[in-house]
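Peer 1: Before I ask anything, let me first share the structure, which is written out below as structure tokens.
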Amino acid sequence: MWALTAFLLLVPSSGQAATLEKPILSLHPPWTTIFKGERVTLKCDGYHPLLLELRPINTLWYLGHLLLPSHKKSIEVQTPGVYRCQTRGAPVSDPIHLSVSNDWLILQVPYAPVFEGEPLILRCRGWYDKVVYKLHYYHDGQAVRYFHSSANYTVLQARASDSGRYQCSGTMRIPVESAPMFSAKVAVTVQELFRAPVLRVTGPREARGAALGGVVLRCDTRLHPQKRDTPLQFAFYKYSRAVRRFDWGAEYTVPEPEVDELESYWCEVATATRSVRKRSPWLQLPGPGSLLDPASTTAPAPPAAALAPSNKPLSFRKPPVSRWVLSVTSVPNTTSTGLQFPAGGVPTAGPPACSPPTPLEQSAGARKPDVDLLLREMQLLKGLLSRVVLELKEPQAFPELRGTPETPTSHFAVSRGTPETTFVES
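696 is the number of the first residue of the sequence shown in this note's numbering; add one for each residue after it.
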């Protein structure tokens, strides 16, 4: 009876087993590419039961979809492929891709994902640790580092821009110095540690309550699931001035007087060592009358007259201009025509073009806007100019417009006072 009780106490319940995290699979040495014939060690760290069963099965190993016979916490392998492990009641671990090469030169990269701010180490290795001379490292086809002999290439604080395809080249003495040899290209991806922050308002009613006396801003971001325990610090800025320097709190209360100024705020998130820093976009704080102001939801809309700059009625009447007469003159013994604009002071035949309107004309103008009159004059002018252009191209089509010594000159005067064309003969 006591043995059965102890067994029930030690065995986890189904609910506990369902919440177990997946185990962590590690590789020693930590390189995903090895030479043919070499061995590496895989280790599975996760939950293991405390009971000693007759046939304990603590760990399961997978090579692709094949179940391996070993049940130990660590195994040695030399076969290429995708390895995973699983402990009792936990999900399957993340995979490790192992590559085996038969080349003279290989480029080794770490098996674990590299995150922003962490060092990135690349190793160019000769066949069974032969020394590599005149060593070059390449990133996306561009040479980034040169060493006289074997050495690792290290990026102290990796960034997203360090992602890409890497390669190395060099010579080896086998037994004499060989021609330059190149390794296969290896893809490297630098993982994002946390997302770019977004500055948000926590809520209008709670933020603008009398107890708080301001608006509460929150700097929101999200860490990578594998790095969720990384501590982050937050800073808040008003334009280029820091209103609160880096601290552990993700919220900041804007004083009430500054809320009404509608000034811009933004925040910044960084790691404790400042190796990774990211800033948010600007936030234009709303003031009175916005969606965050409860009084704005009940206030009536302002009248249309209040939106106008003045109480004067809008008018499309053009200001007075000097009077003008457009005339087309046929010069004797020529086939060309010209536009003549007489001076404003020279009297012209026909009614005045822009004489001040009489009271009767003002009343007529009110009934018939000047806009229609202006449109008619523009159409008339367009037809007149078209006739002039046609007469220039084909003079024989308009014999009545060709002036001769015996025929007088004709003038076509356009009067602004009437919509019709006035013909004045001299």
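No residue lacks a Cβ here, since even glycine has one placed at the ideal position from N, Cα and C.
#1: How would you write the range of the beta strand (DSSP E) that Glu946 sits in, first residue to last?
#2: For Trp977, count neighbouring C-beta atoms within 10 Å of its own C-beta (all shown protein chains included) and say buried if the count is 16 or more, exposed if not.
#3: In or out: Met1073 buried (at least 16 other Cβ within 10 Å) or exposed?
#4: Does the distance from the CB of Val954 to the CB of Val910 come in under 8 angstroms?
#5: Thinking C-alpha only, which one of Arg890, Ser844, Thr849 and Asp857 is nearest Glu872?
#6: Please list, in chain order, all residues of the same chain as Thr849 whose beta carbon is under 8 angstroms from its beta carbon, the five residues on each side excluded.
#7: Measuring only the C-alpha atoms, how far is Val827 from Thr728?
#8: Using the C-alpha atoms, what's the distance from Val881 back to Val804?
#9: Please state the DSSP three-state secondary structure of Asp740.
#10: Using the beta-carbon count (16 or more within 10 Å), is His834 buried or exposed?
#11: Suppose you measure from the CA of Leu986 to the CA of Leu912; what does that come to, to the nearest Å?
#12: Hey, how far is the Cα of His723 from the Cα of Phe889?
#13: Per DSSP, Gly776 is paired with what?
#14: I believe Ala930 touches Arg940 by the beta-carbon criterion, under 8 angstroms. Please report the beta-carbon distance rounded to the nearest angstrom.
#15: Taking only the alpha-carbon atoms, compute the straight-line gap between Trp1019 and Tyr960 and give it to the nearest angstrom.
#16: Alpha carbon to alpha carbon, how far is Gly776 from Ser721? Give it in angstroms, no decimals.
#17: Under 8 angstroms between the Cβ atoms of Tyr932 and Glu963?
#18: Does DSSP classify Gly865 as helix, strand or coil?
#19: Does the Cβ-Cβ distance between Val885 and Ser858 come in under 8 angstroms?
#20: If you compare alpha carbons, which of Ser769, Leu755 and Gly732 is closest to Val787?
#21: When we look at the beta-carbon of Ile801 and count the other beta-carbons within 10 Å, is it buried (16 or more) or exposed?
#22: Could you give the C-beta distance for Gly741 and Thr774, rounded to a whole number, given that I count them as a contact under 8 angstroms?
#23: How big is the Cα-Cα spacing for Tyr757 and Cys914?
#24: Considering only DSSP beta bridges, list what Met876 is partnered with.
Peer 2: Concretely, from the data shown:
#1: Looking up residue 946 in the sequence shown gives position 251. That run of the beta strand (DSSP E) goes Glu946 to Pro950.
#2: Reading the sequence shown from its first residue, position 282 is the one you call residue 977. Answer is exposed; the Cβ neighbour count stays below 16.
#3: On the sequence shown, residue 1073 is found 378 positions in, with the first residue counted as 1. It counts as exposed.
#4: In the sequence shown, counting from the first residue as 1, residue 954 sits at position 259. In the sequence shown, counting from the first residue as 1, residue 910 sits at position 215. Closer than 8 angstroms, so yes.
#5: Counting from one through the sequence shown, the residue named residue 872 turns up at place 177. Of the listed residues, the one whose Cα sits closest to Glu872 is Ser844.
#6: Position 154 of the sequence shown, counted from the start, is the residue given in the question as residue 849. Pro814, Leu815, Ile816 and Leu817, listed in sequence order.
#7: Your numbering for residue 827 matches position 132 in the sequence shown. Your numbering for residue 728 matches position 33 in the sequence shown. It is roughly 17 angstroms from the alpha-carbon of Val827 to the alpha-carbon of Thr728.
#8: Residue numbering aside, residue 804 sits at position 109 when the sequence shown is read from its first letter. Residue numbering aside, residue 881 sits at position 186 when the sequence shown is read from its first letter. Between the alpha carbons of Val804 and Val881 lies a gap of roughly 8 angstroms.
#9: Taking the first residue of the sequence shown as 1, we reach residue 740 at position 45. Strand.
#10: Walking along the sequence shown from the start, residue 834 turns up at place 139. Its Cβ being crowded by 16 or more others within 10 Å, His834 is buried.
#11: Within the sequence shown, the letter at position 291 stands for residue 986. Within the sequence shown, the letter at position 217 stands for residue 912. Confidence in Leu986 is poor, its pLDDT being 45 and thus under 50, which makes the residue's placement too unreliable to answer from.
#12: Within the sequence shown, numbered from 1, the residue matching residue 723 stands at position 28. Within the sequence shown, numbered from 1, the residue matching residue 889 stands at position 194. Whole-angstrom Cα-Cα distance: 28 angstroms.
#13: Here residue 776 refers to the residue found at position 81 when the sequence shown is read from its first residue. Residue pairing for Gly776: DSSP places it in a beta bridge opposite Leu793.
#14: What you label residue 930 is simply residue 235 of the sequence shown in a count that begins at 1. What you label residue 940 is simply residue 245 of the sequence shown in a count that begins at 1. That belief holds up - the Cβ atoms of Ala930 and Arg940 are roughly 6 angstroms apart, short of 8 angstroms.
#15: Counted from its first residue, the sequence shown places residue 1019 at position 324. Counted from its first residue, the sequence shown places residue 960 at position 265. Bear in mind that a pLDDT of 44 at Trp1019, under 50, signals an unreliable position, so the model cannot answer this.
#16: Residue mapping note: residue 721 aligns to position 26 of the sequence shown, counting from 1. Residue mapping note: residue 776 aligns to position 81 of the sequence shown, counting from 1. For Ser721 and Gly776, the gap between their C-alpha atoms comes out near 15 angstroms.
#17: Residue mapping note: residue 932 aligns to position 237 of the sequence shown, counting from 1. Residue mapping note: residue 963 aligns to position 268 of the sequence shown, counting from 1. Going by C-beta atoms, Tyr932 is nearer than 8 angstroms to Glu963.
#18: The count along the sequence shown starts at 1 and reaches residue 865 at position 170. DSSP places Gly865 in strand when its eight states are reduced to three.
#19: The sequence position of residue 885 within the sequence shown is 190, counting from 1. The sequence position of residue 858 within the sequence shown is 163, counting from 1. Yes, they are a contact pair.
#20: Translated into the one-based positions of the sequence shown, residue 787 becomes position 92. Taking the Cα of Val787 as reference, the smallest distance to any Cα among Ser769, Leu755 and Gly732 is reached at Leu755.
#21: The residue labelled residue 801 in the question sits at position 106 within the sequence shown. By the 10 Å Cβ count, Ile801 comes out buried.
#22: Translated into positions along the sequence shown, residue 741 becomes position 46. Translated into positions along the sequence shown, residue 774 becomes position 79. Thr774 and Gly741 do not touch by the CB rule: their CB atoms are close to 23 angstroms apart, not below 8 angstroms.
#23: Residue numbering aside, residue 757 sits at position 62 when the sequence shown is read from its first letter. Residue numbering aside, residue 914 sits at position 219 when the sequence shown is read from its first letter. Going from the Cα of Tyr757 to the Cα of Cys914 covers about 42 angstroms.
#24: Walking along the sequence shown from the start, residue 876 turns up at place 181. Answer by DSSP bridge pairing, in chain order: Gly865.
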